[in-house]
Structures are given as C-alpha cells and as structure tokens.
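Asker: Quick one: the structure is below, questions incoming.
Protein chains: 2
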Amino acid sequence: MPLATIEWVGGLDGHARLIDQTLLPTELKYIDCEDVPTMWNSIKRLAVRGAPAIGIAAALGTVLGIRGSEASDFNEFEEELRHVANYLGSSRPTAVNLFWALDRMHAVARHNANLPIDRIKEVLLEEAKAIIEMDKTVCRQIGRHGAELIADGTTILTHCNAGGLATADYGTALAVMFAAHEQGKRISVYADETRPLLQGARLTAWELMHAGIDVTLICDNMAGLVMKQGKIDCVIVGADRIAANGDTANKIGTYSVAVLAKQHGVSFYVAAPASTFDLSLPSGHFIPIEEREGNEITCGFGKRTAPEGVKTYCPAFDVTPAEYITGIITERGIIERPDADKVRKTLGAQSQPG
Amino acid sequence: MPLATIEWVGGLDGHARLIDQTLLPTELKYIDCEDVPTMWNSIKRLAVRGAPAIGIAAALGTVLGIRGSEASDFNEFEEELRHVANYLGSSRPTAVNLFWALDRMHAVARHNANLPIDRIKEVLLEEAKAIIEMDKTVCRQIGRHGAELIADGTTILTHCNAGGLATADYGTALAVMFAAHEQGKRISVYADETRPLLQGARLTAWELMHAGIDVTLICDNMAGLVMKQGKIDCVIVGADRIAANGDTANKIGTYSVAVLAKQHGVSFYVAAPASTFDLSLPSGHFIPIEEREGNEITCGFGKRTAPEGVKTYCPAFDVTPAEYITGIITERGIIERPDADKVRKTLGAQSQPG
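Residue numbers (the working numbering), protein chains in the order written: chain V, 653 to 1006; chain A, 653 to 1006.
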C-alpha cells in the first residue's frame, strides 16, 4: 500500500498524521493531530478506525498527551500518563488494541522510570514508532500465513474493512488477499458495503481496486444469496477483540455472515494480530459491545432516510462464537477450529504486555 | 390507514393518483398519472412498489392505455390491449401480481367482447376499481388470520415494506401487525432498513409510527444479533411471487433473514394474497430475479459512497425455500409448513384467472 494510514511526522515536537477515512473514497485528506483531544475525536468519529490502527492512534495519542509534561518526578509523570490513557481509552470501548497499546506505553514508561522525564518522552515516541513498524511486520506475516489457504481462482467474501486503512499499511483480512494477489493467484472478492458507515463500500472496495484485485460491491443483505448461488469459496474478516476461547467481536453483521457461511458450507476465517486477543476474557460473552448514535442509521448518507423521532438500535459490533470460525489467521500461524487450548498454545503468554 | 396509496380519480377521463414513495418519509407528494409511460415509469423507479400495489398500478395503467382507443372492432382493441400489457409487463419482472392483474384485465375484456368498445373501456375501469376493493378486503382477511398467531407482548422482525404502502390500504405483513394492534395486543417491531432503497427505514417505520405501534429501526446486518439476543419472537415478511411449492421470492435479504431465523429457532412467516402465487412455477428455481442498477448501491442517497467505476451486483429479490417458512398467511387461511400439496389445497385453481 503506498499510503500511510497513520504515522508520526518529525521529532517529539512533531505531530501525528492520519487519513480522514470518513471522507474516502471521494476525498483523500489528512488530519494533523497536535493534541490529544484531536486524536480522541478522530478515533471516536472513525476518522481512524480498524483495531490495529486504533492501537497505533492510542500510542501516538499518548505521546501527544505527555510530551508537554512538566512533571518533576516519575510518580507525577505516571499520574499524567494514566490520565491521558483513561481519556483515550474512553473513545471506543470494543477495540482491545487500543487498551493493548495504552498498556504497552505505560509499561515502557515504568520500565524506564529511572531516566529523566524528557528522556522518557523520547522513549515513548520511539515505542510508538516501534508499534507502527511491528504492525507492518505483523500484517505481512498474517498475509503470508493466510495466502497459503487461498488457491488460484478463489472467490472471497469480506465484511467491513480490515485493510491497509485499518492498520499501518497492509491490513489483516485484506493482507491475505494482497499477499495471494502478489503471489500471482487470480482472486475475486465480494465486499459487503457494511452499514451503517459503509466501510466496505468506501474503504475496502477502494483499497482492492487500487491493488488491482477484482472486487464486486454488494449490500450486506445480499451475502446470503451470493453464498446460495455458490459464488463464495471462503469468508475472511478482521477482528476488534478475540476472547481466550476464540469468540470474536468484529463489525456488526459479521455474526450474520458467519451463520450464513456455516449454513452454506463456506469456510469462515478471521485474520488478526496477537494484540487483538484479550486472554483476560474467557469468552465473547464478556466483550463490551459499543452502541453508537442512531443517526448513523437514520441519516447516514447526509440525508435523512427515516422518520423523525424513530427509535433505533445501533450496535457497532457483534460476537461470532468460535464454533463458526474455521480458523484465526495470526502472525504466529493459523489457529484452526479455535478453542481455549489452541489459542493458548499459539499465543502463549506474550500477547498481553504490561 | 388513512392514506390512499393508489387510486383512480374521476371517471374514464380521470387519472390514476399514487403516492410517490421515493420521497417518503420526508415528503408526502402525489403523482397524477394521465398516461401509460408515466405509470410505467412510476412502477420502474419504485414510486409505487409492493406486489399488490403494483398489480393495481398495472390494472389502472391498462385503463390509461386503452381509454383513448379508436379501435373499430374487438380484435383491433384486443391488439391494443396486448400492446399496453406487454409494455407495462416490462417494468418489473419479479412481481407476479403485475402479470396477474394484466391477465385479469385481459380476461375481463374478452369476456365482454360483444359489448361496444366504449362500454368495454368502462367495464375495464370498473374492474380496476374492483381489484382495489378486493385488495382492501384481502388485506383485512390476511390481517385477521395472521393476528391469531400473535400473542400479547410479541416482538416481530420484518424486512422491507409489506404495509399499506405496498397495497391499496392495509398491507400484508403489516396487516397482521395492524390487526393485532387493533385487537389491543401490545406488540413491538424491529424493522430492517432494507438496503439499497431503504423501504424499511422510509416506509415501514413511518407506517408503524403512524399506527402507534412500537418500532425500532435497525440495519439489515443487525438482524442476526437481535435474534441471538433473544429479542425476536417471529419474523413476518411479504412476498413478490410464490411458487407452487411455497418457495417465496421477496425483497433481497429475506433469504438471509430466513436462514438466521431457522438458526435461532424463530418462526418465519410470509403474508401474501393468493394473487402472489404463481402455480405455473413448480419451485422458486424458476422465478426470474430482477437485477437493478448498481448506482442504487453506490449512490443510493444522492451522495456517492463507493469508488467511481466499482463493480456491483444488485439483485432486487432472493428466493426463500419453503423449508425455511413456518407458514404462509393468505386471505384464505394459513398454509403451515408449506409444500405443493398444502398450497394446492388452500388455493385450489382459482388463484390464476384468465
């Protein structure tokens, strides 16, 4: 991917720069975040979205929040750090990478508690940049592992956007497609438009077209029909949080696609980095599900399309139980038919820093 | 319902008047159709939609098409009638009520072939008005039969709009809800917004709110989650064409809802008049599925929401196999667990005139 979804520009007095994804595909515009509220707002309103990218946004947001600190000792500094982390953590409750990144930044600060405060600030910026680099490597590894599942001529259905725009540059679910395509395999993709915010129509279709991959856009409610017509060989989606037993929270509608896939004998894969696992949660039952404003449903296209005052229900995510998942593609390999044992074996204890 | 979705105004020199449903819910505006192309266009662009209403539109369109005839004998008149019918029949291929109404008008003309041409024109207008009256009666009967299935406190999920706006005044799937509500039963409804044209958001939510029925609007891809959460007691939808074995074509996405309902042990009902059955088709495999323009997906609301040039697939309907259907609610009673035998027993031979 030629575009940097999210990056840091300059030194400690620089800023975070991210693509305003709410304007795609009609407009490619960047937001320069100079302070934490701008970053919080960018996460909240989905200018930056996708679990890994949100993690990076949280790490960069932490730097923005503490670089001006005038703390006289580490305790004071740590207090400010906690304050920044709590604030950033309130932006989106479901994506675990956000908390993973905040915890990681905090751990690095503590690990360097003996350094002068100004040096700790530098170390935190280096760490945030390291998270970006790690994300790129992890995405490439996910792509490489996942591409082994993809035969020449495969047609894949995906939901929402787990592409370069959801990460620092290569995606998770889309990484598998990019890698298979780079290996010369001819693949086709059906992209669910993904209501209410149309990440599939706006972002996934755009990324795949740019990569030269054959993509057909459908409404979410057409996924069942195209499976029934035998058009789909497998489903690959991303994840926002994965419980210890493999239950996976992802964009609303993923669960319906998983049920339909099972019904039609279509393989259903989740592609996600180890940082998306939350081993503290025994099952998906414990994953908090963010509810968003109903106007995403009633006036999602800049035009009111439902009666004034209508009640809405607008969950941003749903949880797909592990029994619907053929495999979870991680940078450490594929967890086939995931359960608590297999997840633990693949991830070990490393996935939860701090 | 206080509003006349579609009616005839005045005598033979009058016109058809219909609500332009593309403007709802923000604007309530009527279209006066003085000629056949205006009616054809109204059907094509879904200003009038819903299988029974399309049947009525076809009957009124026939009157518009032949009232100016200067034919000197019945053969000549019948030739003109055929021409009008072929033209109207080309507007939307899936809704069988359209062909049912055209055939019925033709049969009535033939039956009165011995009358003067001007008198036949009058008879055809009377027949079109009779179809409207019959539709009202049929909808009330569907409501009465269906309401027997609805206990106090039931929560129903519906897809698309099979309400008063899809018929002359009371609906089919929504007739069941209106009737249950009138009986004093407390019901709640989840309405799928129904992409791409949002008939659920624009029309169903509007009708139910006007009737004082509790309605919650969701995106189509949330149906699986609300079923998993145990919120839904039953699904009721309309139909555009039902084959002899009970396989049912309805708005795209209905099949996915049916699969999800079965998976969650939720009853799935279809509500439709006998005129929606096409006994000439042994199964849903033979129902032609209309494909519509991709711009309904890519710029459905006056704003482009997908990349220029993206490929789309835009089927307007899908077919739900009979094995997913708990019952079909008709004006003649409920066909439980439908199959070819039960459909034949309930409908007899009367459903296909001509």
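From the three backbone atoms N, C-alpha and C, an ideal C-beta is built for every residue, glycine too.
Would you report the Cα separation of V/Tyr976 and A/Asn813, rounded to the nearest angstrom?
Answerer: Roughly 31 Å between the two C-alpha positions.
Asker: Under the three-state reduction of DSSP, which class applies to A/Pro704: helix, strand or coil?
Answerer: In this structure, A/Pro704 counts as helix in the three-state DSSP scheme.
Asker: Please classify V/Leu869: does DSSP put it in a helix, a strand, or coil?
Answerer: The answer is strand: DSSP assigns V/Leu869 an E or B state.
Asker: For V/Thr620, report the span of its alpha helix (DSSP H) as first-last.
Answerer: Lying before the first or after the last residue shown, residue 620 of chain V is absent from chain V, which here runs from 653 to 1006.
Asker: Could you give the uninterrupted runs of the beta strand (DSSP E) lying entirely in the segment 920-990 of chain V, keeping only those of 3 residues or more?
Answerer: The segment 920-990 of chain V contains these whole beta strand (DSSP E) runs: 969-972, 979-982 and 985-988.
Asker: Helix, strand or coil for V/Ala747, going by three-state DSSP, please let me know.
Answerer: Coil, per DSSP.
Asker: Would you kindly work out how many angstroms separate the C-alpha atoms of V/Gly898 and A/Asn947, rounded to a whole number?
Answerer: Their Cα atoms are separated by approximately 38 Å.
Asker: Answer with yes or no whether the minimum CB distance from A/Leu826 to chain V is below 8 Å.
Answerer: No - not a single Cβ of chain V is within 8 Å of the one on A/Leu826.
Asker: Quick check: the segment 853-860 of chain A against the segment 956-967 of chain V, are there 3 or more CB pairs under 8 Å?
Answerer: With a cut-off of 8 Å, the segment 956-967 of chain V and the segment 853-860 of chain A count as touching, because enough Cβ pairs lie within range.
Asker: Using three-state DSSP, classify V/Val918 as helix, strand or coil.
Answerer: Coil, per DSSP.
Asker: What alpha helix (DSSP H) runs, 4 residues minimum, are completely inside the segment 838-893 of chain V?
Answerer: Segments of the alpha helix (DSSP H) lying fully in the segment 838-893 of chain V: 857-862 and 875-880.
Asker: Residue ranges of each alpha helix (DSSP H) run of no fewer than 4 residues wholly in the segment 750-821 of chain V, ordered along the chain?
Answerer: Entirely contained in the segment 750-821 of chain V, the alpha helix (DSSP H) runs reaching 4 residues are, in chain order, 769-799.
Asker: With V/Ile658 and V/Asp672 assumed to form a contact (beta carbons below 8 Å), what rounded beta-carbon distance in angstroms separates them?
Answerer: With 8 Å as the limit, V/Ile658 and V/Asp672 do not qualify as a contact, their Cβ atoms being about 11 Å apart.
Asker: Determine, for V/Glu845, whether the minimum Cβ-Cβ distance to residues of chain A falls below 8 Å.
Answerer: With 8 Å as the cut-off, V/Glu845 counts as an interface residue toward chain A.
Asker: Does any CB atom of chain A fall closer than 8 Å to the CB of V/Asp872?
Answerer: Yes, because at least one Cβ of chain A sits closer than 8 Å to the Cβ of V/Asp872.
Asker: Is it right to say V/Glu943 is buried, meaning 16 or more other beta carbons lie within 10 angstroms of its own, or is it exposed?
Answerer: Classification of V/Glu943: exposed, given that the 10 Å Cβ count is below 16.
Asker: Drop a sphere of 10 angstroms on the beta-carbon of V/Ala832, count the other beta-carbons inside from all chains shown, and report buried for 16 or more, exposed for fewer.
Answerer: Flag for V/Ala832 reads buried.
Asker: Using 8 Å as the Cβ pair cut-off and three pairs as the minimum, do the segment 698-717 of chain V and the segment 738-758 of chain V touch?
Answerer: Short answer: they touch.
Asker: DSSP puts V/Thr900 in a beta bridge; with which residues?
Answerer: Partner(s): V/Ile894 and V/Thr972.
Asker: Among residues of its own chain, excluding the 5 on either side of V/Asp866, which ones have a beta-carbon nearer than 6 Å to its beta-carbon?
Answerer: Cβ neighbours of V/Asp866 beyond the five flanking positions: Ser840.
Asker: In whole angstroms, what is the alpha-carbon distance linking V/Leu670 and V/Ser743?
Answerer: One C-alpha to the other measures close to 17 Å.
Asker: Could you tell me which of V/Pro848, V/Gly816, V/Asp804 and V/Asp885 sits nearest to V/Tyr842, measuring between CA atoms?
Answerer: Nearest of V/Pro848, V/Gly816, V/Asp804 and V/Asp885 to V/Tyr842, Cα basis: V/Asp885.
Asker: Looking at V/Met879: is its Cβ nearer than 8 Å to the Cβ of V/Ala913?
Answerer: Their beta carbons are under 8 Å apart, which means V/Met879 touches V/Ala913 by this criterion.
Asker: List the endpoints of the continuous beta strand (DSSP E) containing A/Asp684.
Answerer: That run of the beta strand (DSSP E) goes Tyr682 to Cys685.
Asker: According to DSSP, V/Arg669 sits in a beta bridge with which residue or residues?
Answerer: Bridge partners of V/Arg669: V/Glu659 and V/Asp684.
Asker: Beta-carbon within less than 8 Å of A/Ser1003's beta-carbon, same chain only, minus the 5 sequence neighbours each way: which residues are those?
Answerer: Low local confidence applies: a pLDDT of 44 at A/Ser1003 is under 50, so the model's placement there is unreliable, and no value is given.
Asker: I need the straight-line Cα distance from V/His667 to V/Val715, nearest angstrom please.
Answerer: Taking the straight line from one Cα to the other gives about 9 Å.
Asker: What are the boundary residues of the alpha helix (DSSP H) that includes A/Ala737?
Answerer: Unbroken alpha helix (DSSP H) run through A/Ala737: Phe726 to Gly741.
Asker: Check the Cβ-Cβ distances between V/Tyr965 and every residue of chain A, and say whether any is below 8 Å.
Answerer: So, interface residue.
Asker: Could you have a look at A/Gly717 and say whether DSSP puts it in helix, strand or coil?
Answerer: Here A/Gly717 sits in helix by DSSP.
Asker: For the alpha helix (DSSP H) that A/Leu999 lies in, which residues bound it at each end?
Answerer: Taken as a continuous stretch (DSSP letters only), the alpha helix (DSSP H) holding A/Leu999 covers Ala992 to Leu999.
Asker: Is it right to say V/Gln881 is buried, meaning 16 or more other beta carbons lie within 10 angstroms of its own, or is it exposed?
Answerer: Exposed: under 16 other Cβ atoms inside 10 Å.
Asker: Counting C-beta neighbours from all protein chains within 10 Å, is the total for A/Ser694 16 or more, i.e. buried, or is it exposed?
Answerer: Counting Cβ neighbours within 10 Å, A/Ser694 comes out buried, since at least 16 surround it.
Asker: If contacts are defined as beta-carbon pairs under 8 Å, then A/Ile888 and A/Ala863 qualify, I think. What distance do you get, rounded to the angstrom?
Answerer: About 15 Å separates the two Cβ atoms, so there is no contact after all.
Asker: Determine the extent of the alpha helix (DSSP H) in which V/Leu826 is found, giving its start and end residues.
Answerer: Note, V/Leu826: alpha helix (DSSP H), Ala825 to Glu834.
Asker: In chain V, which residues lie with their C-beta within 7 Å of the C-beta of A/Ala875?
Answerer: Within 7 Å Cβ-Cβ: Ser908.
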